[in-house]
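Asks: In the numbering used here, the protein residues as written are 197 to 338.
By construction, the Cβ of each residue, glycine as well, lies at the ideal position given by its N, Cα and C atoms.
Would you mind keeping the following structure in view while I ask a few things?
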Amino acid sequence: MAAQAVQVFGKKKNATAVARAVAGKGLIKVNGTPLKLFAPEILRAKLYEPILLLGVDKFAGVDIRIRVAGGGHVSRVYAVRQAIAKAIIAYFAKYVDEHSKNLLKTALIQFDRSLLVADPRRCEPKKFGGKGARSRFQKSYR
């Protein structure tokens with residue numbers, strides 16, 4: 197039989213993180229590097245939010261490997277944390293039980309809805325007659 201695995205994604209702006217959760221011993225790696233070495237040090241607390249919120253014991257039997265591409269530093273961090281949260285929820289829904297999945301889901305949504313729901317905001321395209329999306333060139337009468 198194939199290994200117990202689920203694949204989910206997290207998105208923020210142009211960053212996309214694809215997470216694959218497999219039965220294992222609690223490893224979490226982003227682009228092949230451990231979670232504690234990823235991202236700017238200031239944003240590292242954001243990465244640990246889903247883990248600290250649900251408890252390390254929930255992640256003990258699951259290995260999560262994440263590939264992240266696109267976007268900048270901050271949007272990558274937000275995409276990764278969303279991917280981690282969605283991966284553990286999907287894994288619990290498929291291989292553990294529905295009740296524990298619902299408990300985890302409510303805990304995450306109460307803390308921060310963006311852990312499970314992607315932010316739909318995108319950059320507005322530039323139009324003619326100005327240097328940006330909304331700003332216009334200065335008008336001259338003479």
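Anyone know if the C-beta pair for Ala-213 and Ala-314 falls short of 9 Å?
Replies: The answer is no: Cβ separation not under 9 Å.
Asks: Do the region 241-260 and the region 215-231 make contact, defined as three or more Cβ pairs closer than 8 Å?
Replies: With the cut-off at 8 Å, the region 241-260 and the region 215-231 touch.
Asks: For Pro-316, count neighbouring Cβ atoms within 10 angstroms of its own Cβ and tell me buried if that reaches 16, exposed if not.
Replies: By the neighbour-count rule (16 or more Cβ atoms within 10 Å), Pro-316 is not buried but exposed.
Asks: If you reduce the DSSP assignment to three classes, tell me which class Arg-340 lands in.
Replies: The requested residue 340 is not part of the displayed model; the chain covers only 197 to 338.
Asks: Hey, which unbroken runs of the alpha helix (DSSP H) at 4 residues or more fall wholly within the region 262-337?
Replies: You should have 269-291 and 294-307.
Asks: For Leu-250, count neighbouring Cβ atoms within 10 angstroms of its own Cβ and tell me buried if that reaches 16, exposed if not.
Replies: So Leu-250 counts as buried.
Asks: Helix or strand or just coil, what does DSSP make of Pro-236?
Replies: Pro-236: coil per DSSP, three-state reduction.
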